[in-house]
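Engineer: Sharing a structure with you now.
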């Protein structure tokens, strides 16, 4: 039984060196049960990708991919045929997209400014779908929309979750 666990778990292992140094020599040779553990630039732990510089670029890309088509579902449900009000659609947003963003809150303050902007674009798309706003909507109108729907901006989300 123990030998079987050894054989199954070693391929699942990898290691990452967290450093701010862009140029480093990876000379480590880590082994587990006499098998070499491979180096990886990023590792997934509890659904979060940790990269070697802890800038979470891969995590932002993953969140963006997960959330990308979800505003379209809100757009379909916001049509007149469904007769859903703004509060119901905002609740759908919080369930479909907000929950994914909330799960990432431990590393949200480490996201780069450009990463936060990418996630804010997804939220803006959902706001436009819920309130049927035009494609080119001003920042002030988005602020009004977020107040009306009780949805905070991505960069303010961390302080509201703490």
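Residue numbers (this note's numbering): 102 to 263.
Note that beta-carbon positions come from the ideal geometry of N, C-alpha and C, so glycine has one too.
All of these numbers come straight from a predicted model, not from anything done at the bench.
#1: Is residue 104 helix, strand or coil by DSSP?
#2: From the DSSP secondary-structure annotation, give me the bridge partner or partners of residue 144.
#3: Considering only DSSP beta bridges, list what residue 221 is partnered with.
#4: Leaving out five residues before and five after residue 159 in sequence, what residues of the same chain have Cβ atoms less than 6 Å from its Cβ?
#5: With a 10 Å radius around its C-beta and 16 neighbouring C-beta atoms as the bar for buried, classify residue 118 as buried or exposed.
#6: At a Cβ threshold of 8 Å, is residue 180 touching chain C?
#7: From the DSSP output, read off the bridge partner residues of residue 132.
#8: DSSP has residue 194 in a bridge; who is on the other side?
#9: Could you say which of 169, 146, 135 and 127 lies nearest to residue 221 if we only look at CA atoms?
#10: With DSSP as the reference, identify every bridge partner of residue 116, one or two as the case may be.
Structural biologist: Based on what the coordinates show:
#1: Because the pLDDT at residue 104 is just 49, under 50, the model does not fix this residue reliably, and the value given afterwards should be weighed accordingly. Look at residue 104 here: in three-state DSSP terms it is helix.
#2: Per DSSP, 151.
#3: According to DSSP, residue 221 bridges with nothing at all.
#4: Result list for residue 159: 143, 150 and 152, in chain order.
#5: The residue is exposed, with fewer than 16 neighbouring Cβ atoms inside 10 Å.
#6: Among the chains in the structure shown there is no chain C, since it carries only a single protein chain.
#7: In the DSSP assignment, residue 132 is bridged to 137.
#8: Partner(s): none; residue 194 has no beta bridge.
#9: Ranked by Cα distance from residue 221, the first of 169, 146, 135 and 127 is 169.
#10: Under DSSP, residue 116 shares a beta bridge with 140.
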